[in-house]
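**Student:** Take this structure first; my questions come after.
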Amino acid sequence: MHPGFQSAEAKRARENAGSPSPSVPLRTVGIVGGVAVSLFVIRSAWRLLRASLFRGEASAVKEECKGQLVDLLPKESSELINEFEATTTITFYKGEKIEEAIKFLEERVRDIVKANPWLAGRLVKKNGMYMLEIPEDDNSSSSRSFAVLDREAVKLSQKTHYPDIHRIISVAKVKKGCETVDTDEPLFKVSVVRDEVSPDDSFALVVSLSHTLGDGHTFYSVYKMLSQGSDTKVTKLNAERKQWFTAAEEKSFGKAETGFWFQSSWIPSFMLAQLRMTLTGYRCETGAFYINEEWVAAEKKRWKAKLESENKSANNNNDTKAGKKPAQFVSTNDVVTSWWFNLYGNSLAGMAINCRSRVEGCLDSDAGNYEHFMVYRRRDYATPALIRQSVQNLRRSADPPTPLPSFSELLLNGSTMTIISNWASFYGDVELDGCTQQLHLPVYDYEGETMPGQALVVLFRPRAGELALMFAAPTGSMEKIKLQDAVGSPLPINLHN
């Protein structure tokens, strides 16, 4: 999930505005930028209102469509998620059997789509609702999901300037939901591009899935099916949405928190942040480092001993909180998340949590956005143990409990937040016979999509057994992060020309 999104309209307005010309008064540029963003806000508010009015009528439209029409989850039909960039990764390979690998991938994509025809579907809008139309003939539709890109048109190598990759491979990326609705734009793409420098023995694999179709768990469930490994099987995922999930999410995490990121109170804050980007040409600072796993192991060991002592003392004194499970250990994610949040100390932070196996009835085989975006305040992320408790209990765990930000807080400081998303737990290498994986990376327009005050980080695995982070944060972050024991050496990518 990308809470740091910019709307397509606002982003285009910012890019078109550019830097203020000496002949154009700054006030005029501000007014133009403000009007552009305001129009987007009004349009989005109308979309949300219209969607709520027609939600009950969506099922009546199914008979008008060819193929199967699937009701999406309410959050998947929201304008927020449909403004998110698709989940996209790029994986670099070296090997002597490139042609064989390409042939295998083409056949494997066909098998995956045959087992999961929803991947060849398209987004449609009926009475104000986003819905998924699954084609009757998945064989012909699967051809849209695989491509070998012309290396003369798509010039790419592992040494390509990372901030340019998202633009260079734009033809391989699925568009935002709002840009694909009621079109034949594919929602799932697998593309191969031969290396610009060494086309005979190096290539990149690009996989892209619309965020409207699924979360990180869904993405990697499909991604791992591409592997030629002996234990890899093409499996059918359940694309029928469990409409009871919204109520179950509200019951598990609380109604106020579940709706927190979707409330209209965000509009003024995002409007001001986007206007600031238009006027100042703000660009965040980006970086990528391996995680120092020796530091992580030491922190986990230290906290395990501390928690054992605290829990023993609490049990002896009958000092346990009713209905609240104490943390028995901390995970790598707990340690890194608490570290990242405390590094910036913002009053608002967020972390995506996979609800499968945590909310009853949500299974690993379920495709869709079965994730919850947990809200944290400063006292909630003070220690790795508090992060662990929040995941166990599905609630913020500071004592006494922290309140959600008020409207005035969001208005004044809503865009200043720290965000973490962990892709590492879902990952698995895509093995290809005769080829060796060099590096796996998330692809995201960090510089264009990160608003002032935001500090975003993604945890991922460059290869199995390796853990890394990629961040987009305010200016000065690179020097700050390089001094931290939590990080090791930089990733072998070209981040700064």
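Position one of the sequence shown corresponds to residue 22 (this note's numbering), numbered consecutively onward. Glycine residues also receive a C-beta, built at the ideal position from the N, C-alpha and C atoms.
1. Is it buried or exposed for N137, if we count other Cβ within 10 angstroms and need 16 for buried?
2. For S442, which residues in the same chain have their Cβ closer than 6 Å to its Cβ, ignoring the five residues on either side in sequence?
3. Give a yes or no on contact between the stretch 239-257 and the stretch 412-422, applying the rule of three or more CB pairs nearer than 8 Å.
4. Assuming A141 and H232 are in contact, meaning their beta carbons sit under 8 Å apart, how far apart are those beta carbons, in whole angstroms?
5. Do the stretch 380-392 and the stretch 276-286 meet, that is, are 3 or more Cβ pairs less than 8 Å apart?
6. So what does S212 bridge to, in DSSP terms?
7. Candidates T437, G486 and E470: which alpha carbon is nearest L460's?
8. Please work out which residues of its chain come closer than 8 Å, Cβ to Cβ, to Q458, disregarding the five sequence neighbours upstream and downstream, and give them in chain order.
9. Taking the continuous beta strand (DSSP E) assigned at N375, which residues delimit it?
10. For I190, I'd like the list of residues in its chain whose CB is within less than 6 Å of its CB, leaving aside the five on either flank, ordered along the chain.
11. Is E117 a contact residue of the ligand MN, with contact defined as CB to any heavy atom under 7 Å?
12. For T267, which residues of its own chain have a beta-carbon under 7 Å away from its beta-carbon, when the five flanking residues on both sides are left out?
13. Between Y365, T496, V356 and R377, which lies nearest to G235 when the distance is taken from Cα to Cα?
14. Please report how far the alpha carbon of K333 lies from the alpha carbon of A494, in whole angstroms.
15. If you draw a straight line from the alpha carbon of C456 to that of P289, how long is it in whole angstroms?
16. Quickly, what does DSSP pair Y114 with across the bridge? List them, please.
17. Mind checking P207: buried by the 16 CB within 10 Å criterion, or exposed?
18. Are I514 and Y183 closer than 8 Å when you measure CB to CB?
19. Considering only C-alpha positions, which residue in the set F447, Q505 and M499 is nearest to L241?
20. So within the stretch 304-355, which uninterrupted beta strand (DSSP E) runs reach at least 3 residues, ignoring any that extend past its ends?
21. By DSSP, does M395 sit in helix, in strand, or in coil?
22. Quick check: the stretch 210-219 against the stretch 165-181, are there 3 or more CB pairs under 8 Å?
23. Rank N363, S330, L364 and W360 by C-alpha distance to the C-alpha of A348 and give the top, closest one.
24. State the start and end residues of the unbroken beta strand (DSSP E) segment that holds A476.
25. What do you get for T204, buried or exposed, if any count of 16 or more other CB atoms within 10 angstroms of its CB means buried?
26. Go ahead and pull the three-state DSSP assignment for A507.
27. Measure the alpha-carbon distance for M491 versus G509 and round it to whole angstroms.
28. Please return the same chain residues whose Cβ sits closer than 7 Å to the Cβ of E314, not counting the five positions on each side in sequence.
29. Between the beta-carbon of I133 and the beta-carbon of V243, is there less than 8 Å?
30. Expressed to the nearest angstrom, what Euclidean distance is found between the alpha-carbon atoms of Q179 and V380?
31. Quick one: what's L177 bridged to in DSSP?
32. Quick one: give me the first and last residue of the alpha helix (DSSP H) that F274 is part of.
33. With DSSP run on the structure shown, which of helix, strand or coil describes I519?
34. Work out the CA separation of V218 and K263 for me, nearest whole Å.
35. Mind pulling the beta strand (DSSP E) runs of 3 or more residues that sit fully within the stretch 416-471?
36. Can you tell me the Cα-Cα spacing of A225 and D252, whole angstroms?
**Tutor:** Answer, in terms of the structure:
1. Counting of Cβ neighbours within 10 angstroms places N137 among the buried residues, the total reaching 16 or more.
2. Hits under 6 Å: A373 and V479.
3. With a cut-off of 8 Å, the stretch 412-422 and the stretch 239-257 do not count as touching, because too few Cβ pairs lie within range.
4. At roughly 17 Å, the Cβ-Cβ gap does not stay under 8 Å, so A141 and H232 are not in contact.
5. Taking one beta carbon from each stretch, the stretch 380-392 and the stretch 276-286 have fewer than 3 pairs nearer than 8 Å; the two do not touch.
6. Its beta-bridge partners are A168 and V227.
7. Of T437, G486 and E470, the residue nearest in Cα terms is G486.
8. If you ignore the 5 residues before and after Q458, its C-beta comes within less than 8 Å of the C-beta of T112, F113, Y114, D450, V451, E452 and R484, all in its own chain and listed in chain order.
9. First-last of the beta strand (DSSP E) with N375: A370 to N375.
10. Residues of the same chain with a CB within less than 6 Å of the CB of I190, apart from the 5 flanking positions on each side, are V227 in chain order.
11. Among the components modelled here there is no ligand, and therefore nothing to report on the ligand MN.
12. So the list reads L94 and P95, once near-sequence residues are dropped.
13. Of Y365, T496, V356 and R377, the residue nearest in Cα terms is R377.
14. Here the alpha carbon of K333 sits roughly 40 Å from the alpha carbon of A494.
15. Cα to Cα, C456 sits roughly 50 Å from P289.
16. F224 and Q458.
17. P207 counts as buried, since no fewer than 16 other beta carbons sit within 10 angstroms of its beta carbon.
18. In contact: I514 and Y183 (Cβ atoms closer than 8 Å).
19. Before going further, note that residue 241 is Tyr rather than Leu in the sequence given. When only C-alpha atoms are compared, the closest one is F447.
20. If we require 3 residues or more, the beta strand (DSSP E) runs fully inside the stretch 304-355 come out as 306-312.
21. The three-state secondary structure of M395, taken from DSSP, is strand.
22. The stretch 210-219, when compared against the stretch 165-181, does touch it at the 8 Å Cβ threshold.
23. Residue S330 is the option with its Cα nearest to A348.
24. Element bounds for A476: A476 to F481.
25. Of the other Cβ atoms in all chains shown, fewer than 16 fall within 10 Å of the Cβ of T204; this residue is therefore exposed.
26. Correct three-state label for A507: coil.
27. Each residue's alpha carbon lies about 12 Å from the other.
28. Only L488 meet the Cβ criterion.
29. In this structure, the beta-carbon distance from I133 to V243 falls below 8 Å.
30. Whole-angstrom Cα-Cα distance: 40 Å.
31. Checking the DSSP bridge columns, you'll see L177 has no partner listed.
32. Counting along the chain, F274 sits inside the alpha helix (DSSP H) bounded by residues F266 to F274.
33. There is no way to answer for residue 519, as the model of the chain reaches only from 22 to 518.
34. Taking the Cα positions, K263 is about 47 Å away from V218.
35. The stretch 416-471 contains these whole beta strand (DSSP E) runs: 439-443 and 456-464.
36. Approximately 23 Å, taken between the alpha carbons.
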